[in-house]
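Structure, as C-alpha coordinates:
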Amino acid sequence: MIINKSGVAIRIDVKNLRVMGRATQGVRLINLKGNDSIAAVAKVAQEEDSEINEDGSDADLNSDGTTVVNDDSEE
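Once you know that position 41 of the sequence shown is 148 in my numbering, the rest is easy, because the numbers rise by one and skip nothing.
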(Lines of atoms letter the chains of each structure in order from A and count residues from 1; the text may use other names and numbers.)
(Lines give C-alpha, C1' and ligand atoms only; values in the text may rest on other atoms or scores of the structure.)
Protein backbone atom coordinates (compact mmCIF):
# COMPACT_ATOMS: atom_id res chain seq x y z
CA MET A 1 0.00 0.00 0.00
CA ILE A 2 1.28 3.46 -0.91
CA ILE A 3 -0.16 6.64 0.64
CA ASN A 4 0.74 10.11 -0.56
CA LYS A 5 0.64 13.34 1.47
CA SER A 6 -2.65 14.41 -0.15
CA GLY A 7 -4.33 11.30 1.28
CA VAL A 8 -4.56 9.05 -1.78
CA ALA A 9 -3.97 5.40 -0.91
CA ILE A 10 -3.14 2.75 -3.51
CA ARG A 11 -3.17 -0.93 -2.66
CA ILE A 12 -1.21 -3.04 -5.14
CA ASP A 13 -1.03 -6.83 -5.36
CA VAL A 14 2.70 -7.52 -5.84
CA LYS A 15 2.05 -10.68 -7.85
CA ASN A 16 0.73 -8.38 -10.63
CA LEU A 17 4.05 -6.46 -10.89
CA ARG A 18 6.35 -7.30 -13.79
CA VAL A 19 9.82 -8.70 -13.14
CA MET A 20 12.37 -6.34 -14.69
CA GLY A 21 15.97 -6.83 -15.80
CA ARG A 22 19.00 -4.87 -14.58
CA ALA A 23 19.08 -2.52 -17.56
CA THR A 24 15.55 -1.15 -16.97
CA GLN A 25 14.40 1.94 -15.11
CA GLY A 26 11.83 0.17 -12.92
CA VAL A 27 8.05 0.19 -12.68
CA ARG A 28 6.05 3.33 -11.82
CA LEU A 29 3.52 2.53 -9.09
CA ILE A 30 2.05 6.01 -8.53
CA ASN A 31 1.99 9.31 -10.44
CA LEU A 32 2.60 12.30 -8.16
CA LYS A 33 1.34 15.77 -9.07
CA GLY A 34 2.96 19.10 -8.21
CA ASN A 35 4.68 19.16 -4.83
CA ASP A 36 2.99 15.95 -3.62
CA SER A 37 5.17 13.22 -2.14
CA ILE A 38 4.91 9.75 -0.61
CA ALA A 39 3.84 9.80 3.05
CA ALA A 40 3.97 6.05 3.76
CA VAL A 41 4.52 2.63 2.25
CA ALA A 42 3.18 -0.41 4.09
CA LYS A 43 2.95 -4.15 3.57
CA VAL A 44 -0.64 -5.35 4.03
CA ALA A 45 -1.42 -8.97 4.88
CA GLN A 46 -3.36 -10.84 2.20
CA GLU A 47 -6.99 -11.66 2.95
CA GLU A 48 -8.24 -15.14 2.13
CA ASP A 49 -11.64 -14.10 0.76
CA SER A 50 -12.68 -11.13 -1.34
CA GLU A 51 -11.87 -7.56 -0.34
CA ILE A 52 -14.32 -6.18 2.24
CA ASN A 53 -15.13 -2.53 3.05
CA GLU A 54 -15.50 -1.22 6.61
CA ASP A 55 -19.30 -1.43 6.30
CA GLY A 56 -19.10 -5.14 5.39
CA SER A 57 -19.81 -4.76 1.67
CA ASP A 58 -17.48 -6.09 -1.03
CA ALA A 59 -14.79 -3.63 -2.14
CA ASP A 60 -14.54 -2.50 -5.75
CA LEU A 61 -11.48 -3.86 -7.57
CA ASN A 62 -9.84 -2.59 -10.75
CA SER A 63 -9.12 -5.10 -13.51
CA ASP A 64 -5.47 -5.21 -12.39
CA GLY A 65 -6.38 -6.24 -8.83
CA THR A 66 -5.89 -2.85 -7.17
CA THR A 67 -8.59 -1.58 -4.81
CA VAL A 68 -10.69 1.41 -5.88
CA VAL A 69 -10.54 4.10 -3.17
CA ASN A 70 -13.35 6.67 -3.07
CA ASP A 71 -13.03 9.92 -1.12
CA ASP A 72 -16.80 10.54 -0.96
CA SER A 73 -17.10 10.21 2.82
CA GLU A 74 -18.57 13.06 4.85
CA GLU A 75 -16.30 14.59 7.48
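By construction, the Cβ of each residue, glycine as well, lies at the ideal position given by its N, Cα and C atoms.
Just so it is clear, the structure is predicted and the values come from calculations on it, not from any experiment.
- In the three-state reduction of the DSSP assignment, V121 falls in the helix class, which pools H, G and I.
- In the three-state reduction of the DSSP assignment, A116 falls in the strand class.
- Around M127, the same chain offers G133 and V134 as residues with beta carbons nearer than 8 angstroms, after the five sequence neighbours per side are excluded.
- Excluding its 5 nearest sequence neighbours in each direction, A146 has C-beta neighbours in its own chain below 8 angstroms: I110, N111 and K112, listed in chain order.
- Put simply, the backbone Cα of Q153 is about 11 angstroms away from that of I119.
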